[in-house]
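Asker:
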Amino acid sequence: MTAFLALIRKDLILFLSDRRALAISLALPIVIAAFFGSLFGGGSKGSAIEVALVQQDSSEAGARIAAGLKSDPNLRITPMTMAAAEAAVRKGEQKVAIVLPAGFGEAAGAALFGNREKPAIPLLYDPSQPAVLAMVKGMLTQQVMSVVSAEMFGGKMGQELTERSLRQLEEKANTDPDSKALRDMLASVQKYQALPQKADAQGGQGAKGLSMPFTTQDRQLVNGKAEQGYNAYAHAFAGMGVQFILFMGVDMGIGILLMQRSGVWNRLLAAPVGLVQVLLARAASGAIIAFALLCTVFAVAVFGFGVHIASLAGFVGMALCFGVLTASLGLVIAAFGKTPEAARRIAMFVVLVMVMLGGAWMPSFLFPEWMQKLTVAVPTRWAIDGLDAITWRGMDALAALPAMGAQLGFALLFTLLAVWKFRRI
Amino acid sequence: MSSVLLSVHNLVKNYGTRRAVDGVSFRVLAGQTVGLLGPNGAGKSTTVGMLCGLITPDAGDIFLGGERVGPGAVAVKRKIGVVPQELALYDDLSALENLRLFGALYGLRGKVLAERIDTVLGQVNLSDRARDKPATFSGGMKRRLNIAAALMHDPQLLILDEPTVGVDPQSRNAIFDTLEALQAQGKSLIYTSHYMEEVERLADHIVIVDHGKVLADESPASLHGRLAAQAALRVELAEPAHASLLDGLRSQRGVTSLSAEGGAIDIGLAQATDALPVMGWLQQAGCRPLHFATARTSLEDIFLSLTGRSLRD
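Protein sequence lines, in the order shown, are assigned to chains A and B. Be aware that the first sequence starts at 1, since it is given in my numbering, and climbs by one per residue. Be aware that the second sequence starts at 1001, since it is given in my numbering, and climbs by one per residue.
This is the structure we're talking about:
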């Protein structure tokens, strides 16, 4: 036991004595996680979409559409000239520009009941933001339908249009049954328009137009704090923490290869300690360091970025299991690496692929379904999903048990492989 | 008569189709220093690896104090100290921390560990640098710390694998002083080297290996006795020696070999005392030596005679 503890103590002293490496091990995951976290929305529940509005329609309907768009909390509307809007979208400063052309309100109203050609609303968009375009289209449709239909049923423009349409239909009504039916409907609309406008029961406003015949109730299905929801920082800290701690695991493995080169390894094995004891001591020190690093990274995430840990026991369990996984990866690298230089190159490649497939860079729920199924064979997927579970998903330690078990399983496999290979050397 | 501490029987080690060690056998008596001499690639390091229990022999046995030595034999390793050819130290740990680690590996702790650290640092004259890191040491100081680490558990047998590689003459002498002090304490040493002068200075028994085989396993005196020439005389003349002079020299009593190049003549002598009559004959023959020198034959000559090649080939 004295020898085992001495070997662990030695590794911890060596790790802590290299202050620069220690600072980098801690600073890099934090800085990059903060960057990725803010990039994907940080801890907020989503930000408004930047949209430019080119208001060429000076009608009342046009003004109401613009006002409706501005009041939508999902949009941040900036009025612009056509030239400025084009330039802003080209530069990526605005994701979409809505152009309300002159006479749009009247033309849209005419197209609603008549056979007039539908007016077009030009939408200028950044080609890198096709999803945003679809969202803006949906919100614009809602506003236009509401304003134009309200205008048609209660506005001055609607009355004028109804009268004009009725005059045109009167001539055809005697011969065309469809025109007669439309004339009857518009006559009813005209009667409705002639009624005194009632105040809106709720808002005290005038007549409202057509609106979506339903609303949605959006509930985030996570445990724990209801207001927590998806937290991009939580995922980014999990992903980057895993990535950079695995890099530390690579260094740990390379350290064994360097010890072999320097003769220290032979000196250790010449002592009355077995190979397995030396390997396990190395793994234990690696696991302790990885555990401490992950705890420190998440301490910064909690206190600096508002990440919530739903289960402390779950987090400690996950961090310990990930520490063991990291250490065992280091052993495999040392066992199968021929030289420190060659092993470092291959190991870095393997780790990068592992963290990419594990969802460190982009959450695994964004992967195609086949890839989501395939990547359960990647140990980092379990590490990151487990950390996600006990942070932003708000689950308890029990829910993280499969992730802990999977990591320990991979760690056992790696350790057995390493011991087997070391015994053959 | 000293008891046998280490006995090595017919060791064999193959790496693929290459046989690195081919039936090596020798013994080390208690208190004896055995020089394991051979050129690079002779099989010395592989043999040392098997003696330390780091490499499993394909055949053969090693016994230390009656206990079998091998990778699985943990207890017997407490009796062996190893000084690897490389500087097997942690550069980022202080000398003290290095020794603390290597002592702890052998089960030392607490007061005993602290006392042993003081003792070995004193043995290698590094007491004043205990808290410094080896990275700040000179090459010779690192070598001495390398030896100190192997002495922490006070082993019965110290195996030194080329411990003076890359060391300046002054540091080499400091290392020899340390080793001679250990000899005086009755420690058994195995000293591998391809420097004959080091082995000649330290060893009281020499094992010469080449191509994995033992070529000689004798005392230095016995090895010297193998050579026809026990001494060498080098004479430098003003002019190249003519054939009749060389023929005359060959016929002189005690001359065992002769070679000439330009004005220099190298004469092998059966005994060092044969040098004077040979010099007298040269004077009588009308030769006026510009310079002459005598020397005892070295292990280099012995190795050359055994293998037909130089130790440093």
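Quick reminder that beta carbons are idealized off the backbone N, C-alpha and C, glycines included.
Using Cβ-Cβ distances below 7 Å, what residues of the region 401-420 of chain A are close to chain B?
Answerer: Going along the region 401-420 of chain A in chain order, one finds no residue with a Cβ nearer than 7 Å to chain B.
Asker: Is the CB of Asp18 (chain A) under 8 Å away from at least one CB in chain B?
Answerer: Asp18 (chain A) counts as touching chain B.
Asker: Can you find a C-beta in chain A that's less than 8 Å from the C-beta of Leu1160 (chain B)?
Answerer: No, Leu1160 (chain B) lies away from the interface with chain A (no Cβ there is under 8 Å from its Cβ).
Asker: In the region 1097-1122 of chain B, which residues sit with their C-beta less than 8 Å from some C-beta in chain E, listed in chain order?
Answerer: Protein chains A and B are contained in the structure displayed, whereas chain E is not.
Asker: Comparing alpha-carbon positions, which option in B:His1242, B:Val1207, B:Arg1068 and B:Arg1129 lies nearest His1194 (chain B)?
Answerer: Closest option to His1194 (chain B), Cα to Cα, is B:Val1207.
Asker: Could you confirm whether any beta carbon from chain A is found closer than 8 Å to the beta carbon of Pro1084 (chain B)?
Answerer: Yes, contact with chain A.
Asker: Leu269 (chain A) touches chain B at which residues, Cβ-Cβ below 7 Å?
Answerer: The answer, in chain order, is Leu1054.
Asker: What does DSSP give as the partner residues of Gly1268 (chain B) in its beta bridges?
Answerer: Paired residues: B:Ala1232 and B:Ser1257.
Asker: Could one say the Cβ of Lys338 (chain A) lies closer than 8 Å to chain B's Cβ atoms, at least one of them?
Answerer: Closer than 8 Å: no.
Asker: Could you check how far apart the C-beta atoms of Val1235 (chain B) and Phe1292 (chain B) are, in whole angstroms? I think they sit under 8 Å.
Answerer: Between Phe1292 (chain B) and Val1235 (chain B) the Cβ distance is about 5 Å, and since that is below 8 Å, they are a contact.
Asker: So what's Gln55 (chain A) in DSSP terms, helix, strand or just coil?
Answerer: Gln55 (chain A) falls in the strand class under three-state DSSP.
Asker: Alpha carbon to alpha carbon, how far is Ala21 (chain A) from Ala319 (chain A)? Give it in angstroms, no decimals.
Answerer: Computed Cα separation, rounded: 21 Å.
Asker: Only counting the same chain, and skipping five residues up and downstream in sequence, which positions put a Cβ closer than 6 Å to that of Gly1262 (chain B)?
Answerer: Hits under 6 Å: Pro1240.
Asker: Please state whether DSSP places Leu123 (chain A) in a helix, a strand or coil.
Answerer: Of the three classes helix, strand and coil, the one that applies to Leu123 (chain A) here is strand, per DSSP.
Asker: Of all the residues that make up the region 1065-1078 of chain B, which are near chain A by a beta-carbon distance shorter than 7 Å?
Answerer: Listed by position, the residues of the region 1065-1078 of chain B near chain A (Cβ gap below 7 Å) are Val1074, Ala1075, Lys1077 and Arg1078.
Asker: Chain B beta carbons: is any one of them nearer than 8 Å to that of Ser285 (chain A)?
Answerer: No, no contact with chain B.
Asker: Show which residues of chain B have a CB atom less than 8 Å away from the CB atom of Lys10 (chain A).
Answerer: Simply Tyr1090, Leu1093, Glu1097 and Leu1101.
Asker: For Thr78 (chain A), I'd like the list of residues in its chain whose CB is within less than 6 Å of its CB, leaving aside the five on either flank, ordered along the chain.
Answerer: Contacts found: Ala52.
Asker: The beta strand (DSSP E) with Leu1036 (chain B) in it runs from where to where?
Answerer: Counting along the chain, the beta strand (DSSP E) containing Leu1036 (chain B) begins and ends at Thr1033 to Leu1037.
Asker: Return helix, strand or coil for Val1082 (chain B), following the three-state DSSP convention.
Answerer: Strand at Val1082 (chain B).
Asker: Just mark Gly109 (chain A) as buried or exposed, buried being the case when its beta carbon has 16 or more other beta carbons within 10 Å.
Answerer: With 16 or more other Cβ atoms within 10 Å, it is buried.
Asker: Could you spell out where the beta strand (DSSP E) holding Asn1014 (chain B) opens and where it closes?
Answerer: It spans Val1004 to Tyr1015 - the beta strand (DSSP E) in which Asn1014 (chain B) sits, taken as one unbroken run.
Asker: In whole angstroms, what is the alpha-carbon distance linking Pro1169 (chain B) and Leu268 (chain A)?
Answerer: Taking the straight line joining both Cα atoms gives about 29 Å.
Asker: Can you grab the Cα-Cα spacing for the pair Leu293 (chain A) / Met240 (chain A), in whole Å?
Answerer: So the alpha carbons of these two residues sit roughly 12 Å apart.
Asker: Just grab the DSSP bridge partners of Ala1293 (chain B) for me.
Answerer: Partner(s): B:Arg1234.
Asker: Check the DSSP bridge columns for Phe367 (chain A) and list the partner residues they point to.
Answerer: The partner list for Phe367 (chain A) (beta bridge, DSSP) is empty, contrary to what the question assumes.
Asker: Of the choices B:Thr1294, B:Met1279 and B:Gly1110, whose alpha-carbon is the least far from that of Arg1288 (chain B)?
Answerer: When each option's Cα is compared against that of Arg1288 (chain B), the closest is B:Met1279.
Asker: For a contact meaning CB atoms closer than 8 Å, what does Ile13 (chain A) contact in chain B?
Answerer: Going along chain B in sequence order, the residues near Ile13 (chain A) (Cβ under 8 Å) are Leu1093 and Glu1097.
Asker: So what does His1205 (chain B) bridge to, in DSSP terms?
Answerer: DSSP output for His1205 (chain B) lists B:Val1034 as bridge partner(s).
Asker: When you compare the CB of Thr3 (chain A) with every CB in chain B, is at least one pair closer than 8 Å?
Answerer: Correcting the residue type first, residue 3 (chain A) is Ala in the shown sequence and not Thr. So, interface residue.
Asker: Note the first and the last residue of the continuous beta strand (DSSP E) segment covering Arg423 (chain A).
Answerer: Here Arg423 (chain A) belongs to no beta strand (DSSP E); instead the alpha helix (DSSP H) covers Ala397 to Arg424.
Asker: Report the residue from A:Ser146, A:Leu280 and A:Glu171 whose alpha carbon sits nearest the alpha carbon of Ala67 (chain A).
Answerer: Nearest C-alpha to Ala67 (chain A): A:Ser146.
Asker: Nearest by alpha-carbon distance to Met185 (chain A): which of A:Leu352, A:Leu166 and A:Asp176 is it?
Answerer: If we check each option's Cα against that of Met185 (chain A), A:Leu166 comes out closest.
Asker: Beta-carbon separation of Leu1237 (chain B) and Leu1290 (chain B) under 8 Å?
Answerer: Result yes, Cβ atoms of Leu1237 (chain B) and Leu1290 (chain B) sit closer than 8 Å.
Asker: Starting from the C-beta of Arg1250 (chain B), find all residues in its chain whose C-beta is less than 8 Å away, skip the five residues before and the five after it, and write them out in chain order.
Answerer: Once the five neighbours on either side are set aside, the close Cβ partners of Arg1250 (chain B) are Leu1258.
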